[in-house]
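Using the working numbering, you'd call the opening residue of the sequence shown number 32 and step up by one each time. Don't be surprised by glycine CBs; every beta carbon is placed ideally from N, CA and C. Following: one structure in structure tokens, then a few remarks.
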Amino acid sequence: MQSASEQSEAAEPPASPEHAYPDHWEADVVLRDGGTARIRPITADDADRLVSFYEQVSDESKYYRFFAPYPRLSAKDVHRFTHHDFVDRVGLAATVGGEFIATVRYDRINAQGLPASAPADEAEVAFLVQDAHQGRGVASALLEHIAAVARERDIRRFAAEVLPANTKMIKVFTDAGYTQKRSFEDGSVRLHLDLEPTDRSLAVQRAREQRAEARSVQRLLTPGSVAVVGAGRAPGGVGRTVLRNLLGAGFTGRVYAVNAALTGETELDGVPAHPSVGAIGEPVDLAIVAVPAERVPEAVADCGEHGVRGLVVLSAGYAESGAAGRERQRELVRQARSYGMRIIGPNAFGIINTADDVRLNASLAPQMPAAGRIGLFTQSGAIGIALLAGLHRRGAGLSSFISAGNRADVSGNDFLQHWYDDPGTDVVLLYLESIGNPRKFTRLARRTAAVKPVVVVKGARHSGSAPPGHRVPVTRIPHATVSALLRQAGVIRVDTVTELVDAGLLLAAQPLPAGPRVAILGNSESLGLLTYDACLTEGLRPMRPLDLTTAAVPADFRDALAAALADETADAVVVTAIPWVGEDGATEFGDGEVLAAALREAVASAPAPTKPVVVVHVEMGGLAEALAVATSTRPAAAGRGAVTAPGTRADGPRPAVAPATVTTPVQEPPAVQEPTTPARQATIPAYPAAERAVRALAEAVRYGQWRRQAAEPGRVPEYEDIDEAGAAALIEGVLGGDGVVDARGVTLDTEAAGALLARYGITVLPTLPAPTPDAAVAVAARLGYPVALKATAPHLRHRPDLGGVRLDLATEEQLRTAYAELTEVLGKPEELQPVVQAMVPRGVDTVVRSAIDPAVGAVLSFGLSGAASELLGDTAHRLVPATDRDVAELVRSLRTAPLLFGWRGSAPVDTPALEELLLRVSRLVDDHPEVVAVSLEPVVVAPRGLSVLGATVRLAPPAPRTDLGPRSLPRY
């Protein structure tokens, strides 16, 4: 790709001042094949690297770059390509191991194609990628980053000339998603790209991000060879334990033991032993590092220099241990990424992949879990152990397991990318102690939840800080708000690891319910009533429990369950069971096996398994012991009226219905079994308490409803009266002046706030100051009676319960009397800051707010006004931009929402007008990120229309949106 400036002797650009090295342009990126590369500006110190890089490029690639044979770079070329002003001339390089693998540069040009400076807003761009690294997506990543740099330097368009035969480079440009023009001139293809991001360019970028990050995880989970670095001679120790677990699981690839002290041994536990990775002499895909922290850098260098693709660092002594450990952790990540490797850990517990063609147990877990269809991610080794044991006892199998420790590099976001389209995973379970990139997590979770359930339990909710070793942005919003926003994204949010297992087992084993109607049947009236009450508590619609009486036998359970499954008025079935007493008065301990067989028969006889079935049992020892081991967690296909079960297609062929297995907790885990290939057999989850079963079922109901709604998402309405340009000009007038704006922003005065809101069709009722009784009377005469008199001092604002408001003042006499009472009781006028406002139709007082949080972005909030709502925390939240469906749910999600819909005979208020107001506020904040806070209080919603009585707006320079920039890994 030759630029016009390179064709001319006059190409040397005019001298321009050098700018400071822009270190914020440095970034680590994940490439298409899952490896990583470092992107950074090229400097004068890179001359030797550039020459070495160019020598490794083929003659064909050189020809495509310069349109002529160009075997070597001249000294002038090297100087030109390594000296930049970082404004009009910029060069970026992609590096691995400190060496260049690709370069890109732009030169600002004028309308004639000659070198220029600002205000020229076009630049020529040219790439060169080493042949060995072509096809890895390097050029696409460089294009994203050089485009972001160009926009920062006020360049709006790229121009490029490409030979027609250079189809790979043409594809890089055409696939980027930018608005472009294409022409054929003088034997070359001329491309012009508008660098303003588009919906398509953002979609392309995120699709590439997903494929790359998923591939990077897949490389970690499916290695062809594994080296355990730090496997000691003596039994025991972390390294030797992992080596034993790898071999015990039957890993299908090659295994090596590595320890610098193993100079004489040739084998360890029957596998080849070497003093270093380099001494192995064969490719190694994954290294498990289990050496003391001070020796890890040596091990990482050994791995990186010999082509290892990824690391699992079990070693402790990093950020969890203090400031020195945090710096050690940063150096670890930087070192590994310089070699193109990704890291799980440090301080990790390990990873597991149960696939038959892999059988990887690179962890400290002594037993390989059964193969199944649950993906499990934890940030805690101890919780990981507990979850593995709990799932094993319940008979659930896993597709993969990751305990990431300090998650310095690979995080839950990366595994969401992998599990999103992993055909072997139907349900995702996450134990998180922190969320490093909440915006990205919410985006990925929403996308993944649209195809398979994502269940999250979050630890460290109330500690006020992130766990040691976790880098997270500071958030100002309460944990409950974060939970509400995650639920909006389709995440199933639970409070304990027990609930995580309960919900995960049901979602993996059963189809999603088509609705909230629950049939209850069993042989205990009391247990049935407890289940009924639990359903009501969880917002379900239980049917009257069917009491089979204590005389019921397994055949009665079978017939009742079959009838419930065939009943079109029920969406789910809860079976309750207690031991029954034999004729001699003794408890029938063998009833568990018989009951299980009866339930299996009923499920197998159903025409199509479209309803979830759960079992609540009390002291059914036989049931627990006989049926705890599951043969699969693959859900059955959904039928008409139900949401398609995870991993299945509603319109595809249904697998043959096989007998079901009931699984339940037991006191002791069953004997360890060899992993087997999952059969096409669904399980019936069983619970020792009605509340646990119903809570899991309720989560499935809510998730099923979210899935149905997500299939037809709401829309963000367009309003013709919105003046976006006018609002932008008003904001620019406030923030773009010569005055210094505080980092926290500037709060608009009443007039300016009203003017800005008016640009978005939001009218604020005028509020006029009344510093004296005579002024109050004059204002009232101007507004017209009746009026309200309010004290606006900060301690009285929005607190009518403190007596600072007088309403329905219909005459001058009433107004003067109220003014005198107010000042006599509460203080002098200069202290109270009284105002007069026209009365509006009676209604329900509400509050509409929006704020930008650094961790999660813009949030729209709604609640009823008053101390009671604030005390109870009865406020609902949605992410911006909100759709019409979002705001409808927002209004109805309050506990006090019945007050808006005619509670106790009152008139219902105008909720469509309220929803429109919420949508307009959402649009304002979304269109103008400088609007960092909006508060409308109170908003009186009447049976017809609404009135905004007070408004506060705060502006500030917007923070950078990392989720909209070029792809990059978190910086270290």
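**OP:** Pull up the CB-CB distance for Val191 and Val156, whole angstroms please, since I reckon it's below 8 Å.
**Re:** Correcting the residue type first, residue 191 is Ala in the shown sequence and not Val. Between Ala191 and Val156 a beta carbon distance of about 5 Å is seen, short of the 8 Å cut, so the two are scored as contacting.
**OP:** Could you pull the start and end residues of the alpha helix (DSSP H) that Val276 belongs to?
**Re:** The amino acid occupying residue 276 in the given sequence is Asn; Val does not appear at that position. Unbroken alpha helix (DSSP H) run through Asn276: Val269 to Ala280.
Original post:
Quick check: the segment 773 to 785 against the segment 931 to 942, are there 3 or more CB pairs under 8 Å?
Top reply: no
Original post:
Beta carbon of Leu949, beta carbon of Leu857: below 8 Å?
Top reply: no
**OP:** Go through the segment 881 to 911 residue by residue and report every complete run of the beta strand (DSSP E) that reaches 3 residues or more, in order.
**Re:** 888 to 895 and 906 to 910
Subject >> Beta-ladder partner(s) of Arg136, from DSSP >> reply: Arg136 is bridged to Gly122 and Ala157.
**OP:** Return the chain-ordered list of same chain residues with a C-beta closer than 6 Å to the C-beta of Arg63, the five sequence neighbours on each side being excluded.
**Re:** Arg167, Gly168 and Ala243
Subject >> Assumed close pair Ala288, Ala262 - CB separation to whole angstroms, cut-off 8 Å >> reply: 4 Å
**OP:** Please check if any C-beta of chain C sits within less than 8 Å of the C-beta of Val625.
**Re:** Protein chain content of the structure displayed is limited to a single chain, and chain C is not contained in it.
Original post:
What residues match up with Tyr287 in a beta bridge as DSSP calls it?
Top reply: Answer is Ala258, bridged to Tyr287.
Subject >> Rounded distance between the beta-carbons of Gly835 and Leu827, thought under 8 Å >> reply: Sure, about 4 Å apart at Cβ, within 8 Å.
Original post:
Where does Val522 sit, in a helix, a strand or coil, going by DSSP?
Top reply: coil
**OP:** Using a threshold of 8 Å, state whether the C-beta atoms of Thr283 and Val121 are closer than that.
**Re:** no
**OP:** Report the partner residues of Val836 according to the DSSP bridge assignment.
**Re:** Lys821
Original post:
Leaving out five residues before and five after Val459 in sequence, what residues of the same chain have Cβ atoms less than 6 Å from its Cβ?
Top reply: Closer than 6 Å at the Cβ level, and outside the excluded window around Val459, lie Gly406, Trp450 and Val485.
Original post:
When burial is assigned at 16 or more other CB atoms within 10 Å of the CB, is Ala731 buried or exposed?
Top reply: Ala731 should be labelled buried.
Original post:
Can you give the Cα-Cα distance for Val965 and Gly785, rounded to whole angstroms?
Top reply: 11 Å
Original post:
For Tyr718, which residues does DSSP report across the bridge?
Top reply: Val647
Original post:
If you count every other CB in all the chains shown that lies within 10 Å of the CB of His55, and 16 or more means buried, which is it?
Top reply: exposed
Subject >> Member of Glu91, Asn554, His114 and Val302 whose CA lies at the smallest distance from the CA of Asn197 >> reply: Glu91
**OP:** Measure the Cβ-Cβ separation of Gly897 and Ala944 and say whether it is below 8 Å.
**Re:** no
**OP:** Please work out which residues of its chain come closer than 6 Å, Cβ to Cβ, to Arg518, disregarding the five sequence neighbours upstream and downstream, and give them in chain order.
**Re:** Arg524
Subject >> Neighbour-count burial assignment, Phe432, 16 or more Cβ in a 10 Å radius >> reply: buried
**OP:** Give every residue of the same chain whose Cβ lies closer than 6 Å to the Cβ of Leu561, excluding the five residues on either side of it in the sequence, and list them in chain order.
**Re:** Ala721
Subject >> Which residues DSSP lists as bridging Ile70, in chain order >> reply: DSSP lists Ala58 and Ala125 as partners of Ile70.
Original post:
How would you call His176, buried or exposed, if buried means at least 16 neighbouring beta carbons within 10 angstroms?
Top reply: buried
Original post:
Does the Cβ-Cβ distance between Val248 and Gly421 come in under 8 Å?
Top reply: no
**OP:** Measure the alpha-carbon distance for Ile753 versus Arg71 and round it to whole angstroms.
**Re:** 42 Å
**OP:** Indicate the three-state DSSP secondary structure (helix, strand or coil) for Lys489 in the structure shown.
**Re:** strand
Original post:
Just how far apart, CA to CA, sit Ala691 and Arg438?
Top reply: Low per-residue confidence applies at Ala691: pLDDT is 42, beneath 50, and the placement is therefore not dependable enough to give any value.
**OP:** Could you name the residues of the same chain whose beta carbon sits closer than 8 Å to that of Glu273, not counting the 5 residues immediately before and after it, in chain order?
**Re:** With the sequence shown as reference, residue 273 is identified as Val, and Glu is not the correct amino acid for it. Within its own chain, the residues whose Cβ lies closer than 8 Å to the Cβ of Val273, once the five positions on either side in sequence are excluded, are Val259, Ala262, Ile319, Ala321, Leu345, Gly381, Ala393, Ser394 and Leu395, listed in chain order.
Original post:
Who are the near neighbours of Val193 in its chain, counting only those whose CB is closer than 7 Å to its CB and skipping five residues on each side?
Top reply: Met32, Met200, Ile201, Ser219, Val220 and Leu222
**OP:** Compare the beta carbon distance of Asp957 and Pro912 with 8 Å and say whether it is the shorter of the two.
**Re:** yes
**OP:** Name the residue from Pro100, Arg373 and Gly570 whose alpha carbon lies nearest to the alpha carbon of Arg926.
**Re:** When only C-alpha atoms are compared, the closest one is Gly570.
Original post:
Rounded to the nearest angstrom, how far is the Cβ of Arg470 from that of Ala520, given a contact under 8 Å?
Top reply: Actually they are not in contact, since the Cβ atoms of Arg470 and Ala520 sit about 11 Å apart, beyond 8 Å.
**OP:** Would you mind sorting Lys212 into buried or exposed? The rule is 16 or more other CB atoms within 10 Å of its CB.
**Re:** exposed
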